[in-house]
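Trainee: Residue 198 in this note's numbering sits at position 168 of the sequence shown, with consecutive numbering throughout.
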Amino acid sequence: MDAKRQSRRVDAAIAALAERQHGLVARAQLVGLGLGHGAIDYRVRCGRLHNVHRGVYAVGHRVLSREGRWMAAVLVAGRDAALSHRSAAALWGVHKSARGRIEVSVPRAVRSHAGLQVHVSRVRPDEVTALHGIPVTTPPRTLLDLAGAVGRRQLERAIEEAEVLQLTDALSLEDLVLRHPRRRGAAAIRAVLAAGRVGATVTRSELEERFLVFLEDFDLPRPEVNVSLWVSDRWIEADCLWREQRVIVELDGHASHATDSAFERDRARDRTLQADGWRVLRITWRQLHREPDAILRDLTALLIRERGRSTRPSRI
Numbered sequence: 031m032d033a034k035r036q037s038r039r040v041d042a043a044i045a046a047l048a049e050r051q052h053g054l055v056a057r058a059q060l061v062g063l064g065l066g067h068g069a070i071d072y073r074v075r076c077g078r079l080h081n082v083h084r085g086v087y088a089v090g091h092r093v094l095s096r097e098g099r100w101m102a103a104v105l106v107a108g109r110d111a112a113l114s115h116r117s118a119a120a121l122w123g124v125h126k127s128a129r130g131r132i133e134v135s136v137p138r139a140v141r142s143h144a145g146l147q148v149h150v151s152r153v154r155p156d157e158v159t160a161l162h163g164i165p166v167t168t169p170p171r172t173l174l175d176l177a178g179a180v181g182r183r184q185l186e187r188a189i190e191e192a193e194v195l196q197l198t199d200a201l202s203l204e205d206l207v208l209r210h211p212r213r214r215g216a217a218a219i220r221a222v223l224a225a226g227r228v229g230a231t232v233t234r235s236e237l238e239e240r241f242l243v244f245l246e247d248f249d250l251p252r253p254e255v256n257v258s259l260w261v262s263d264r265w266i267e268a269d270c271l272w273r274e275q276r277v278i279v280e281l282d283g284h285a286s287h288a289t290d291s292a293f294e295r296d297r298a299r300d301r302t303l304q305a306d307g308w309r310v311l312r313i314t315w316r317q318l319h320r321e322p323d324a325i326l327r328d329l330t331a332l333l334i335r336e337r338g339r340s341t342r343p344s345r346i
């Protein structure tokens, strides 16, 4: 095979590799494709490769996407590296971070690089996966690492988002805490799980929006929202109301319904509504995302079946 044909084949292999890695390749990978150091340096000089980090190159361009920057950080950290902590949480979509430095975990000390924060940590094989081609810690391991880097409220929100996105793994968050009981962040995870506060930071508007999406997904009738009713000589506000079926759904966010006084007030309110002929269901954030089938069954019975019964002609 002549030199030009060989060069074209190598360039095609580089392009295919870069396509899988958000436009990036590492020097060690180029050597693995058969390029010598002189051939790599030549491609840098002629603009086919552009330095991103020492030994990491963008192929044919200089502009990197966010995923490209994450991929570059993992490549420069070397073998067995994985995106982790706040950067991994951002990739999974459970935590937004404005940090300039990208966080990776690697089992050995590596040379420092601008814009990179290295956590020297042994991450077991079942705690690492890949998302969009980027090696990254699994969602539970990401949450465990995140717990040692952010405050309690941010941790709760991240755990909630992981549940919403159904980011499950064979090795659960509880399993990881048992595996790493003394790891920084393990105590915070145990406290959140023990307190049952997952869902505590979801606001009323967020819970309402997710509930309306739930109704739309299952073709259930859309309710009137935040309606004031005159019942027993006083105004009562209902979160979601279906007039024809005389059904009310109350969306119980932790922040507004967790106190003893709120608990008592809610029960008195429900009693008044039920005495006036309304059927009241209370749905929490956790129920909406952990028990959707049960909620669908109950709402269908109240909104669809009961409506059908009420419209049948009576037998006289």
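Backbone N, C-alpha and C fix where the C-beta goes; we use that ideal spot for every residue, glycine too.
With 16 other CB atoms within 10 Å as the buried threshold, where does E239 fall?
Mentor: Within the sequence shown, numbered from 1, the residue matching residue 239 stands at position 209. Answer is exposed; the Cβ neighbour count stays below 16.
Trainee: Give me the residue from D282, E246, R299, Y72 with the minimum Cα distance to L326.
Mentor: Translated into the one-based positions of the sequence shown, residue 326 becomes position 296. Of the listed residues, the one whose Cα sits closest to L326 is E246.
Trainee: Can you tell me where the beta strand (DSSP E) with S258 in it begins and where it stops?
Mentor: Within the sequence shown, residue 258 is the residue found at index 228, counting from 1. Residues 254-261.
Trainee: Cα separation between A42 and V222?
Mentor: What you label residue 42 is simply residue 12 of the sequence shown in a count that begins at 1. What you label residue 222 is simply residue 192 of the sequence shown in a count that begins at 1. Looking at the two C-alpha atoms, the distance is approximately 50 angstroms.
Trainee: Beta carbon of R78, beta carbon of G90: below 9 angstroms?
Mentor: Start at 1 with the first residue of the sequence shown, and residue 78 comes out as number 48. Start at 1 with the first residue of the sequence shown, and residue 90 comes out as number 60. The answer is yes: Cβ separation under 9 angstroms.
Trainee: Is the beta carbon of R84 less than 9 angstroms from the beta carbon of V106?
Mentor: Counting from one through the sequence shown, the residue named residue 84 turns up at place 54. Counting from one through the sequence shown, the residue named residue 106 turns up at place 76. A contact, by the Cβ cut-off of 9 angstroms.
Trainee: Would DSSP call V158 helix, strand or coil?
Mentor: Counted from its first residue, the sequence shown places residue 158 at position 128. The answer is strand: DSSP assigns V158 an E or B state.
Trainee: For L250, which of D328, L281, Q304 has the nearest alpha-carbon?
Mentor: Position 220 of the sequence shown holds residue 250. The residue with the shortest Cα to Cα distance from L250 is D328.
Trainee: Whole alpha helix (DSSP H) runs in the stretch 170-202 with 4 or more residues, listed along the chain?
Mentor: List check, alpha helix (DSSP H) in window: 182-194.
Trainee: Please confirm if the stretch 110-121 is in contact with the stretch 144-154, defined as three or more CB-CB distances below 8 angstroms between the two stretches.
Mentor: At 8 angstroms Cβ cutoff, the stretches touch.
Trainee: Would you tell me roughly how many angstroms separate the C-alpha atoms of G163 and E186, rounded to the nearest one?
Mentor: By one-based count along the sequence shown, residue 163 stands at place 133. By one-based count along the sequence shown, residue 186 stands at place 156. Those two C-alpha atoms are separated by around 28 angstroms.
Trainee: Inspect the beta-carbon positions of I70 and R57 and report whether they are closer than 9 angstroms.
Mentor: Your numbering for residue 70 matches position 40 in the sequence shown. Your numbering for residue 57 matches position 27 in the sequence shown. Contact flag set, yes.
Trainee: Expressed to the nearest angstrom, what Euclidean distance is found between the alpha-carbon atoms of R35 and L173?
Mentor: Translated into positions along the sequence shown, residue 35 becomes position 5. Translated into positions along the sequence shown, residue 173 becomes position 143. Taking the straight line joining both Cα atoms gives about 49 angstroms.
Trainee: Going by other Cβ atoms of all chains shown within 10 Å of its Cβ, with 16 needed for buried, is A46 buried or exposed?
Mentor: Looking up residue 46 in the sequence shown gives position 16. A46 comes out exposed.
Trainee: Out of H319, L318, W308, which has the shortest C-alpha to C-alpha gap to L332?
Mentor: Here residue 332 is taken as the residue at index 302 of the sequence shown, counted from 1. For L332, the nearest C-alpha among the options comes from W308.
Trainee: Report the three-state DSSP secondary structure of E239 (helix, strand or coil).
Mentor: Sequence index remark: in the sequence shown, residue 239 carries index 209 (1-based). Three-state result, E239: helix.
Trainee: Less than 9 angstroms between the beta carbons of E133 and Q147, yes or no?
Mentor: The sequence position of residue 133 within the sequence shown is 103, counting from 1. The sequence position of residue 147 within the sequence shown is 117, counting from 1. Their beta carbons are under 9 angstroms apart, which means E133 touches Q147 by this criterion.
Trainee: Applying the criterion that 16 or more other CB atoms from any shown protein chain within 10 Å of the CB defines a buried residue, is G215 buried or exposed?
Mentor: Locating residue 215 in the sequence shown gives position 185, counting from the first residue. Result: buried.
Trainee: Which word fits Q196, buried or exposed, when buried means at least 16 other C-beta atoms lie within 10 angstroms of its C-beta?
Mentor: In the sequence shown, counting from the first residue as 1, residue 196 sits at position 166. Label assigned to Q196: exposed.
Trainee: Quick one: residues in its chain with C-beta nearer than 6 angstroms to the C-beta of R339, no 5 flanking neighbours on either side, listed in chain order?
Mentor: Locating residue 339 in the sequence shown gives position 309, where the first residue counts as 1. With a pLDDT of only 49 at R339, under the threshold of 50, the placement of this residue in the model should not be trusted; the figure read from the coordinates follows. Closer than 6 angstroms at Cβ, skipping near neighbours: no residue.
Trainee: Restricting to Cα atoms, I'd like to know which of P170, A188, R220 is closest to H125.
Mentor: On the sequence shown, residue 125 is found 95 positions in, with the first residue counted as 1. With distances taken between Cα atoms, H125 lies closest to A188.
Trainee: Applying the 10 Å Cβ sphere with the 16-neighbour rule, what's the burial state of R38?
Mentor: By one-based count along the sequence shown, residue 38 stands at place 8. Exposed, by the Cβ-count rule.
Trainee: Between L242 and V257, how many whole angstroms is the CB-CB distance? I'm expecting something under 8 angstroms.
Mentor: Against the sequence shown, residue 242 aligns to sequence position 212. Against the sequence shown, residue 257 aligns to sequence position 227. L242 to V257, Cβ: 14 angstroms. No contact.
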